[in-house]
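The structure appears right after this line, and notes come after that.
In the numbering used here, the protein residues as written are 3 to 449.
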């Protein structure tokens, strides 16, 4: 299960966090820079007042007028005399035996520097930090308020911006919903498939294309299955009805001779139905092949065996096999290639008057088997019809032998065509075009 947090909220929260960090860092920089600058200014003021106090001391005024001279020079100071008297310049001539200790808060608000005279008198020059601290407090308050306002504005603006940024995602979702409703022809077609959203859209298009192809394949297979079942039912209806009628007649017949003849008819119809069912199964398996090993097959050896079988069925027929070499090998499935050649030879035997010619030739990377009989041939314009399923031009046979032979040829990356009254089966010689998978199932010759 994949976690699906709100992309907009994550974008907004992440960006606001970054903005907050930047604003706080900027506030800290400004505050610390200002504090450092104010410290520098206070140091400069303290040094200036210390120099002014030094100038007053160098003028060597009487001790009694020292405080007055410092006050006139504008130097805040505390003067401590050797006899213990303490005077502040802002207090004028008011004398104290000693000053009370300054509170810690008050001492923290001022800086000082002490000058010691030769007679032991100490002059502590003062500078107040109250103004600097007040300035820093105002800056801190303003920065806090400004930062909060900036973060709130960032949340509002970034939330709206996130809606704009995620509009392509909304578009992808809308198209996905339409596709789910049946609009499989829709595509996103990203303008830049290298971006994040572009890769998502391109992946979505590939998924939809694969889905559409799968649906089309499923619909095609469904149509093929329906057509196949309809044709099979049509082909089986007549022999099954005939078989049933013959069997019922056998039960009511009293003549032994008639019953024997009827039983022979039953056997013939049953054989016909068996061959038809085997042919139907072969066509079904050719439409849905399974993986099998591909091995070298000697076509001359296969043809020699099949020709001998046809001669046993028609002893008066002349069958001539002409091969350029005693052994000619292709890569394929021996059983199915025997079935294809057997179907072609059986078709030639049934239509030949006296002779069937079989030739095997190798031209480049292709081996071609040509089969020709001296029968009436196929009417002009009907050459391609003979490969249709359940098509029997003479009304004899099931009409599946030639379609099975062509399907086997195509499964081996080969071809089967009717050219100038001759059936030409062409197969790759060296197996460079690897044949597709074939079903492993028993089949029979069918026409």
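Built from N, CA and C at the ideal position, the CB exists for glycine as well.
Neighbour-count burial assignment, residue 31, 16 or more Cβ in a 10 Å radius: Numbered from its first residue, the chain shown carries residue 31 at position 29. That one is exposed.
Check: residue 183 C-beta below 7 angstroms from any heavy atom of the ligand MN: With respect to small molecules bound, the structure shown includes none, and the ligand MN cannot be examined in it.
Between the CA atoms of residue 359 and residue 421 - distance to the nearest angstrom: Against the chain shown, residue 421 aligns to sequence position 419. Against the chain shown, residue 359 aligns to sequence position 357. Taking the straight line joining both Cα atoms gives about 14 angstroms.
N-terminal and C-terminal residue of the alpha helix (DSSP H) that residue 423 is part of: Start at 1 with the first residue of the chain shown, and residue 423 comes out as number 421. Run containing residue 423: none; DSSP gives neither H nor E here.
Pair within 8 angstroms by beta-carbon distance, residue 469 and residue 365: The question about residue 469 has no answer here: the residues shown for the chain are numbered 3 through 449.
Residue from 430, 327, 306 and 174 with nearest C-alpha to residue 198: As a first step, residue 198 must be located in the chain shown, where it is residue number 196. Looking at the Cα atoms, 174 is the closest of the given residues.
Distance between residue 42 and residue 136 (C-alpha atoms, nearest Å): Locating residue 136 in the chain shown gives position 134, counting from the first residue. Locating residue 42 in the chain shown gives position 40, counting from the first residue. Going from the Cα of residue 136 to the Cα of residue 42 covers about 16 angstroms.
Nearest-angstrom Cβ-Cβ length linking residue 68 and residue 47, presumed shorter than 8 angstroms: Position 66 of the chain shown, counted from the first residue, corresponds to residue 68. Position 45 of the chain shown, counted from the first residue, corresponds to residue 47. Not confirmed; about 21 angstroms, so no contact.
For residue 359, the first and last residue of its enclosing beta strand (DSSP E): As a first step, residue 359 must be located in the chain shown, where it is residue number 357. It spans 357-365 - the beta strand (DSSP E) in which residue 359 sits, taken as one unbroken run.
7 angstroms Cβ shell around residue 106 - same chain, five flanking residues per side excluded: Stepping through the chain shown from its first residue, residue 106 is reached at position 104. Low local confidence applies: a pLDDT of 44 at residue 106 is under 50, so the model's placement there is unreliable, and no value is given.
Identity of the residue in 307, 296, 22 and 405 nearest residue 145 by Cα: Here residue 145 is taken as the residue at index 143 of the chain shown, counted from 1. Closest by alpha carbon: 22.
CB contact flag (residue 44, residue 131, <8 angstroms): Within the chain shown, residue 44 is the residue found at index 42, counting from 1. Within the chain shown, residue 131 is the residue found at index 129, counting from 1. If you check the CB distance, residue 44 and residue 131 come in under 8 angstroms.
Same chain, Cβ closer than 6 angstroms to residue 410, five either side skipped, listed in chain order: Residue numbering aside, residue 410 sits at position 408 when the chain shown is read from its first letter. Within the same chain, residue 410 has close Cβ partners 338 and 342.
Where the beta strand (DSSP E) containing residue 331 begins and where it ends: If you number the chain shown from 1, residue 331 lands on position 329. Looking at the DSSP string, the run of the beta strand (DSSP E) that includes residue 331 is 331-334.
Where residue 58 falls, given that 16 or more other Cβ within 10 Å makes a residue buried: By 1-based counting over the chain shown, the position of residue 58 is 56. Burial state of residue 58 is buried, judged by a 10 Å Cβ sphere holding 16 or more other Cβ atoms.
Nearest-angstrom Cα separation, counted from residue 418 out to residue 215: Along the chain shown, one-based indexing puts residue 215 at 213. Along the chain shown, one-based indexing puts residue 418 at 416. Residue 215 and residue 418 have their C-alpha atoms roughly 28 angstroms apart.
Reference residue 244, options 275, 229, 231 and 431, closest by Cα: Locating residue 244 in the chain shown gives position 242, where the first residue counts as 1. Selected option, being the one with the closest Cα: 275.
Separation of residue 150 from residue 162, as counted between CA atoms: Within the chain shown, numbered from 1, the residue matching residue 162 stands at position 160. Within the chain shown, numbered from 1, the residue matching residue 150 stands at position 148. When rounded, the distance between both Cα atoms is 19 angstroms.
Integer-rounded CB distance, given that residue 370 should sit under 8 angstroms from residue 426: As a working mapping, residue 426 is identified with position 424 in the chain shown. As a working mapping, residue 370 is identified with position 368 in the chain shown. Their Cβ separation, rounded to whole angstroms, is 6 angstroms, which keeps residue 426 and residue 370 in contact under 8 angstroms.
Bridge partners - residue 90, DSSP secondary structure assignment: On the chain shown, position 88 is the one that residue 90 refers to. For residue 90, the beta-bridge partners assigned by DSSP are 80.
Rounded C-alpha distance that separates residue 201 from residue 335: Numbered from 1 along the chain shown, position 199 holds the residue referred to as residue 201. Numbered from 1 along the chain shown, position 333 holds the residue referred to as residue 335. If you draw a straight line from the Cα of residue 201 to the Cα of residue 335, it comes to about 44 angstroms.
Exposed unless 16 or more other CB atoms sit within 10 angstroms - verdict on residue 116: To locate residue 116, count along the chain shown from 1; it is residue 114. By the neighbour-count rule (16 or more Cβ atoms within 10 Å), residue 116 is not buried but exposed.
Reference residue 430; option with closest CA among 413, 424 and 269: The sequence position of residue 430 within the chain shown is 428, counting from 1. For the residues 413, 424 and 269, the minimum Cα distance to residue 430 belongs to 413.
One or two residues paired with residue 297 in a DSSP bridge: Against the chain shown, residue 297 aligns to sequence position 295. By DSSP's assignment, residue 297 forms a beta bridge with 334.
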